[in-house]
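Written below as structure tokens is the structure these notes are about.
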Amino acid sequence: MYRHSPDSGVDTGESAEDEQTGTAARTAGTAVASRFEELAPALPNEMAGLRRKLIGWLDGLPLDPAILHDITLATYEALANVAAHAYPDGHGWARLQATRTGDALTVTVTDTGCGIPATRPHKAGLRTSGGRGLVLIDKVTDQSDIDTGGQGTTVRMTWRPAALREKTPA
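End of the sequence shown sits at 170 in the UniProt record's numbering; the numbers just go up one at a time, nothing left out.
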């Protein structure tokens with residue numbers, strides 16, 4: 001598993017002058033890359049920018065509009081969690097990766113923040129502020145995995161083609 005450690009004063013390996021553009025290459029209007037990757041400061045406006053870049057990459061893939069909505073919604077929730085919770089001191093990074101393998105699409109959001117507390121609510125409640133993002137991610141993905149601890153959190157979300165999804169027992 002990839003872990004990035006952008007501590008204060010440590011080179012992140014990313015140049016501020018270099019625009020991160022992902023790895024989507026196009027030939028005659030068709031996406032040919034099967035991988036997307038971006039790194040950005042964990043700030044709300046930067047997370048929105050990452051999501052827009054992912055949508056641009058996804059637009060080149062032959063995806064059902066319903067699945068496209070689910071992917072962008074789940075990605076938004078995972079990125080919003082990084083901006084809101086991962087770095088209480090306000091300084092950190094988020095990495096957004098997406099990979100198309102065959103007909104499956106996996107989106108991974110990684111941070112090196114404080115991790116998700118073990119006492120986090122597992123169900124959305126009226127008395128909580130937030131707490132619904134991970135539940136929502138679980139509902140709109142075919143599979144979601146969360147790896148969290150003191151060294152950060154990785155949220156991995158996978159969608160399969162509708163034909164495979166329909167054959168999966170409930």
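Note that beta-carbon positions come from the ideal geometry of N, C-alpha and C, so glycine has one too. Here the structure is a predicted model, which is why all the values come from computation and not from measurement.
Neighbourhood of Lys123 by C-beta distance below 7 Å, restricted to the same chain and skipping five residues each side: On the sequence shown, residue 123 is found 123 positions in, with the first residue counted as 1. Because the pLDDT of Lys123 is 49, which lies under 50, any placement of that residue in the model is unreliable, and the number read from its coordinates should be weighed accordingly. Here the set comprises Val135.
Chain-order list of residues whose beta-carbon lies under 8 Å from that of Ala94 (same chain, five-residue window excluded): Taking the first residue of the sequence shown as 1, we reach residue 94 at position 94. These residues qualify, in order along the chain: Leu39, Ala40, Pro41, Ala42, Glu46, Met47, Leu50, Leu79, Val82, Ala83, Ala86, Val109, Thr110, Asp111.
Euclidean distance between Cα positions of Pro117 and Gly152: Position 117 of the sequence shown, counted from the first residue, corresponds to residue 117. Position 152 of the sequence shown, counted from the first residue, corresponds to residue 152. Pro117 and Gly152: Cα-Cα distance of roughly 11 Å.
For Gln97, the residue or residues it bridges with in DSSP: Walking along the sequence shown from the start, residue 97 turns up at place 97. Answer by DSSP bridge pairing, in chain order: Glu37, Thr108.
Taking Gly90 and Gly115 to be in contact with their CB atoms under 8 Å, please state how far apart those CB atoms are, rounded to whole angstroms. Translated into positions along the sequence shown, residue 90 becomes position 90. Translated into positions along the sequence shown, residue 115 becomes position 115. Between Gly115 and Gly90 the Cβ distance is about 17 Å, and since that is not below 8 Å, they are no contact.
Where Ala25 sits in the DSSP three-state scheme: In the sequence shown, counting from the first residue as 1, residue 25 sits at position 25. Any reading at Ala25 must be qualified, since the residue scores a pLDDT of 39, below 50, and its modelled position is unreliable; no value is offered.
What residues in its chain sit with their C-beta under 7 Å from that of Arg100, if we drop five residues either side in the sequence? Numbered from its first residue, the sequence shown carries residue 100 at position 100. For Arg100, where only same-chain residues beyond five positions count, the Cβ hits under 7 Å are Ser34, Leu61.
Could you spell out where the beta strand (DSSP E) holding Thr154 opens and where it closes? Locating residue 154 in the sequence shown gives position 154, counting from the first residue. Looking at the DSSP string, the run of the beta strand (DSSP E) that includes Thr154 is 152–159.
Three-state class that DSSP yields for Ile71 in the structure shown: In the sequence shown, counting from the first residue as 1, residue 71 sits at position 71. The answer is helix: DSSP assigns Ile71 an H, G or I state.
Considering only residues of the same chain and omitting the five flanking positions on each side of Asp103, which have a CB-CB separation below 6 Å? Indexing the sequence shown from 1 puts residue 103 at position 103. Pro161.
Minimum C-alpha distance to Gly133 - residue among Ile67, Ile71, Tyr76, Pro44: Position 133 of the sequence shown, counting from 1, holds the residue named residue 133. Checking every option, the nearest Cα to that of Gly133 belongs to Tyr76.
Let me make sure I understand the geometry here. Which of Thr148, Gly113, Ile137 has the alpha-carbon closest to that of Ala74? Here residue 74 refers to the residue found at position 74 when the sequence shown is read from its first residue. It is Ile137 whose Cα lies nearest to the Cα of Ala74.
Give me, in chain order, the residues of the same chain whose beta-carbon lies closer than 8 Å to that of Ala28; leave out the 5 immediate sequence neighbours on both sides. One-based indexing of the sequence shown puts residue 28 at position 28. With a pLDDT of 44 at Ala28, under the threshold of 50, the predicted position of this residue should be treated as unreliable, though the coordinate-derived value follows. Correct list: empty, nothing qualifies.
What do you get for Asp70, buried or exposed, if any count of 16 or more other CB atoms within 10 angstroms of its CB means buried? The residue given as residue 70 occupies position 70 in the sequence shown. Buried is the call here.
Determine whether the beta carbon atoms of Thr119 and Thr158 lie at a separation below 8 Å. By one-based count along the sequence shown, residue 119 stands at place 119. By one-based count along the sequence shown, residue 158 stands at place 158. No. Outside cutoff.
Determine the closest residue to Thr148 out of Ile67, Gly113, Gly56, with distance taken between C-alpha atoms. Looking up residue 148 in the sequence shown gives position 148. Checked all of Ile67, Gly113, Gly56; the closest Cα to Thr148 is Gly113.
Where Asp138 sits in the DSSP three-state scheme: As a position in the sequence shown, residue 138 is number 138, starting the count at 1. In this structure, Asp138 counts as helix in the three-state DSSP scheme.
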